[in-house]
Ligand code: HGY
Ligand code: MN
Ligand code: MN
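Residue numbers (our numbering): 31 to 436.
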């Protein structure tokens, strides 16, 4: 059995056009107007595929395919996210959602009568760019964050998530966690270079690295850029730059990765020494002990730096997700299905955070990766060839069919 590759790619390319602004950047931040447009389009495709569409209180969307014979059995869930980062690619998350809908459509067209219902999830705020933490909708679904707390979260633009979900018409009614899947499987692009460089078609994702986010605020002293001697400066901007260099040297030793992706100076004027630098640190490592060790090393360095530069440094925890092992049995099914289609498959660790890492808290979970050309992602140049998407979706179909008895 094969999915309808043409239909899948049409859906990916159509969804990919939603949220492209006049400046050509694709932006569908969680609960924004462009996110609503994407949600409406995906919900429409779910209905076309004969799925019952249900929205939960954190705005997660579920397309449910059940039959009179199987409706009392535990469902299998697939899915991912359609919210994006700023100036995003078109495959991240969307492939997993649209391939999930494609599976339901193909199985129905082929007259399949699965023994279990199949549900396609679209999780709210996977990216965490507007509201923190990331993977928020799946974290709430898995019971790792209260729905009330998540709905009350304040965005980088000062908006409240719950109010925004209401405004865009996705303030759902059912409680997150209302469906208890017996397994979860997510198809996703690798977003890294390994499979492309090494020539693999399929990744059986067995693990996902730990992710720690924190916001750091450095308070120094604004002063004249010309008249203030170097030795008398308390330059928050310089201190922030030193943190970035220190973190790079730290993770080069620990085998982790570190990203300072946001930075805001005050007063942010060309001829004023910054009085304040506010930035985020995204620290990741597949090894929990090393990740925790780096956190301690960094905390000690911030204290030392505050003394050296005569500045005040405070840090606020944003997320703290440990590494997550995925289900060995499902990984083996992925490898078997890839081999049966003569596709080259290898085990992978996910460098990115994923909704699957949250669903792994409540049921056996794994992921299937397809390659990202040159490993580019979170960038409009993100690209996975049509055939690679179709290969991934067909392996996805084979594994899901086996697991739901279709
Ligand atoms: O941050 C991540 O790794 C994911 O893209 N949200
Ligand atoms: Mn993603
Ligand atoms: Mn992403």
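We put the CB at the ideal spot given by N, CA and C, even for glycine.
Enclosing alpha helix (DSSP H) for residue i [first to last residue]
i	result
residue 34	First-last for residue 34: undefined, no H or E at that position.
residue 171	166-171
residue 419	416-434
residue 277	266-284
residue 387	385-389
Which residues DSSP lists as bridging residue i, in chain order
i	result
residue 110	152
residue 238	354 and 380
residue 375	232
residue 116	57
Closest residue to residue i among the options (Cα-Cα distance)
i	options	result
residue 292	265, 98, 246 and 369	246
residue 359	299, 302, 230 and 214	214
residue 322	228, 87, 353 and 118	353
residue 349	357, 314 and 365	314
residue 307	266, 45, 252 and 176	266
residue 407	226, 210 and 311	226
residue 325	257, 240 and 365	240
residue 201	135, 84 and 264	84
residue 171	187, 204, 141 and 125	204
residue 89	336, 311 and 66	66
residue 132	339, 155, 104 and 93	93
residue 109	91, 355 and 318	91
Helix, strand or coil at residue i according to DSSP, with G and I counted as helix
i	result
residue 88	coil
residue 312	strand
residue 214	strand
residue 121	coil
residue 347	strand
residue 439	As displayed, the chain neither begins before 31 nor continues past 436, which places residue 439 out of reach and without an answer.
residue 342	strand
residue 41	helix
residue 131	helix
residue 249	strand
residue 1	Outside the displayed span of the chain (31 to 436) sits residue 1, for which this structure offers no information.
residue 192	helix
residue 139	helix
residue 50	strand
residue 307	strand
residue 80	coil
Extent of the continuous beta strand (DSSP E) to which residue i belongs
i	result
residue 288	287-289
residue 396	395-400
Does the pairing of the stretch 422-434 with the stretch 189-205 give three or more beta-carbon distances under 8 Å?
By the criterion of at least three beta-carbon pairs nearer than 8 Å, the stretch 422-434 is not in contact with the stretch 189-205.
Should the stretch 226-234 be called in touch with the stretch 401-410, which here means at least 3 C-beta pairs below 8 Å?
Taking a cut-off of 8 Å on C-beta distances, the stretch 226-234 touches the stretch 401-410, as three or more cross pairs fall below it.
Under 8 Å: do the stretch 378-389 and the stretch 200-208 share three or more Cβ pairs, one atom per stretch?
No, the stretch 378-389 does not touch the stretch 200-208.
Any residue with its C-beta under 5 Å from a non-hydrogen atom of ligand 4 counts. Can you list them all in chain order?
Judged by which ligands are present, ligand 4 is missing from the structure shown, whose ligands are ligand 1, ligand 2 and ligand 3.
Does the contact criterion of 3 or more C-beta pairs under 8 Å hold for the stretch 111-118 versus the stretch 156-169?
Result yes; three or more Cβ-Cβ pairs closer than 8 Å.
Contact between the stretch 97-106 and the stretch 134-153 (3+ Cβ pairs under 8 Å):
When Cβ pairs closer than 8 Å are counted between the two stretches, the stretch 97-106 is seen to touch the stretch 134-153, the count reaching three or more.
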